[in-house]
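One structure is given here, and the rest of the page talks about it.
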Amino acid sequence: MVAAASSENQMPRMANNIQAEVTNCSNNVLAPTPNREPTAPNSNDQTEERSYLEITCEVIYTLIGLLYLLLEATMKCIIPTKYQTKDVKGYVVLVTGAGSGIGRRLAIKFAELGCKMVLWDINGELNEETAVIIRQKGGNVHTFVCDVSNRNGIYRTAEKVKERVGFVDILINNAGIVTGTNLLDCPDQAIIQTMQVNILAHFWTIKAFLPEMIERNSGHIVTISSAAGVIGLNKLTEYCASKFACVGLDESLRFELGMLQKHGVHMTLACPYYTDTGMFEGAQTRFPSILPVLDTEFVAEKIVQAILCNQEVLYVPRILYFIVALKGVLPAKCWSLVLRFTGSGQLMDHFSGRTKSRPENSENHSKIANGSGRAL
Ligand SMILES: NC(=O)c1ccc[n+]([C@@H]2O[C@H](COP(=O)([O-])OP(=O)(O)OC[C@H]3O[C@@H](n4cnc5c(N)ncnc54)[C@H](O)[C@@H]3O)[C@@H](O)[C@H]2O)c1
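In our numbering, the protein residues as written are 1172 to 1547.
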């Protein structure tokens, strides 16, 4: 197993080399032709022959790369997670929306792994509560009140973090809000605020911390999207739009970093299903035995594991991988029929949102509802 683990450590480097080869090869083929000597007789034939050769090479490289990466993905499924995790002791981890729910749990878990925590939340009181829990466990924590819907506020707070704490190794964009009404009943300001918190804030935090990550070719950007970031749902138009945008941001930026050969900067996209934090209080699922409401502790643990393993995309629960694939192959009208059958049309009918005290404030909240689900 140790041998397997060490070969696992080699894999990202080898995979990066293959990706780099494929990129170089495709650049050669696609680049304009200033270096080519075109004017000799029959040079067109020669150029054509050469470009056929280049394309054949590229196809072979791509196929080898695909085979290798598929093998790597299979190995990652087989090898136990504990042999794949990176050591994050001493890392600086910044969590937005750390005052409650998933953000609070993530903060506590990374503190337990020996990370220096930087907690951002608009709600200073709740943020401090999280910090107290971490300090009681002997953790190192810095809190900042930051409204992530304010771009300049983000940039100012980011500067303070760099001055007081230093380089951020892992940035977790977690803060999120939801309105839960039909589009036409949703006030313009609520739509704007959702976009600012759920997606635009990600751009500003990334722009604040990514340059240094790129410079060092080291770091990790985590995007907390949602199952609603891959499946559009009734009465969640603005929320789904913002979460779909998170998926686009993550996917594009990962590709961009690959093209820049910055393979030391990792990206993880997390798409959990409804989680018992109180954010979606009152929403109902029709088949909780198939898609149960998830426990916050369980979701946070899955996200931490994904980050430690440099996993690119995480759906929780696993059945979401199948559901997303099904959506990809079904015609749009068929997919709508499936959604109606699953009760997704009535999902938000009894939604009330945060009306009662936050359940995650209680340490007893850690009863895992995973699998035993009840309707939200
Ligand atoms: N709860 C779910 O069912 C669920 C499912 C999938 C994804 N998510 C996503 O997970 C993330 C965390 O959700 P949660 O359920 O823990 O929610 P939560 O409401 O428990 O926590 C969100 C935190 O973000 C903070 N926040 C809100 N607006 C802010 C702002 N402008 N600036 C700074 N902080 C702000 C809140 O104060 C709160 O502490 C969100 O992005 C959410 O969309 C939640």
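Every residue gets a Cβ at the ideal spot worked out from N, C-alpha and C, and that includes glycine. These numbers come from a predicted model, not from an experiment.
In this structure, Y1444 places its C-beta atom within 8 Å of the C-beta atom of V1487.
Beta-bridge analysis with DSSP links K1287 to V1263 and N1311. For L1354, the number of other beta carbons within 10 angstroms of its own is below 16, and it is reported as exposed. Between E1296 and G1268, the alpha-carbon positions lie close to 12 Å from each other. Its Cα nearest to that of N1369, the residue N1321 stands out among E1386, I1385, I1474 and N1321.
Scanning its chain for C-beta atoms nearer than 6 Å, with the 5 sequence neighbours on each side dropped, one finds around M1366 the residues S1413, in chain order. Rounded to the nearest angstrom, the gap between the Cα atoms of G1274 and N1311 is 16 Å. Segment contact: the segment 1357–1366 against the segment 1381–1393, fewer than three CB-CB distances shorter than 8 Å; contact not assigned. Not one heavy atom of ligand 1 falls within 7 Å of the beta-carbon of Y1492.
When secondary structure is reduced to three states using DSSP, M1438 falls in the strand class. In the structure shown, the three-state DSSP call for N1369 is helix. Distance from V1289 to V1332 at the Cβ level is roughly 6 Å; contact confirmed, criterion being Cβ atoms closer than 8 Å.
The DSSP-derived three-state label of I1402 is coil. By the Cβ criterion, the segment 1382–1400 is in contact with the segment 1431–1444, since at least three pairs of Cβ atoms, one from each stretch, lie closer than 8 Å.
Taking 8 Å as the cut-off, the Cβ atoms of G1403 and E1452 do not count as close. Checking the 7 Å criterion, the Cβ of M1450 is within range of a heavy atom belonging to ligand 1. The DSSP-derived three-state label of D1520 is coil.
One thing to note: M1450 has its Cβ within 8 Å of the Cβ of V1349. For D1421, the closest alpha carbon among the candidates L1485, I1304 and A1282 is that of L1485. Separation of Y1254 and F1512 (C-alpha to C-alpha, rounded to the nearest whole angstrom) is 41 Å.
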